Amino acid sequence: MNEQQRAMLELERRWYTAQGNKEADIAGQFSMSPVRYYQLLNRLLDDPAALAAEPVLVKRLRRIRDSRAVSRRSAPQAAL
Numbered sequence: 018m019n020e021q022q023r024a025m026l027e028l029e030r031r032w033y034t035a036q037g038n039k040e041a042d043i044a045g046q047f048s049m050s051p052v053r054y055y056q057l058l059n060r061l062l063d064d065p066a067a068l069a070a071e072p073v074l075v076k077r078l079r080r081i082r083d084s085r086a087v088s089r090r091s092a093p094q095a096a097l
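See the structure below:
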């Protein structure tokens, strides 16, 4: 894992009460949009090195990601 990936996991260890605060930290620390950050984070969660380095955190983030994916699939589709 590179330094940016380690920093991403460190950021994910923090607890945020407001979404805007986390987005500001993402922009300030990584100089990227939240969308790009989450794309890279999702890729990182599938990396065996991340799992080896932070097993509890990575497993928790995977569970959150997977439950959100299930929710999106089971949500009723809006009429067009």
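Note that the working numbering has the sequence shown beginning at 18, numbered continuously upward.
We put the beta carbon where it would ideally sit given N, CA and C, even for glycine.
Bear in mind the structure is a predicted one, so any value in this text is a computation, not a measurement.
State yes or no: is the C-beta of residue i within less than 8 Å of the C-beta of residue j?
{"i": "residue 24", "j": "residue 46", "result": "yes"}
{"i": "residue 74", "j": "residue 26", "result": "yes"}
{"i": "residue 92", "j": "residue 18", "result": "no"}
{"i": "residue 22", "j": "residue 61", "result": "yes"}
{"i": "residue 43", "j": "residue 33", "result": "no"}
{"i": "residue 59", "j": "residue 89", "result": "no"}
By the three-class DSSP mapping on this structure, what secondary structure does residue i have?
{"i": "residue 27", "result": "helix"}
{"i": "residue 84", "result": "helix"}
{"i": "residue 41", "result": "helix"}
Check your understanding: What alpha helix (DSSP H) runs, 4 residues minimum, are completely inside the stretch 44-94?
Key -> Runs found: 51-62, 65-70 and 72-91.
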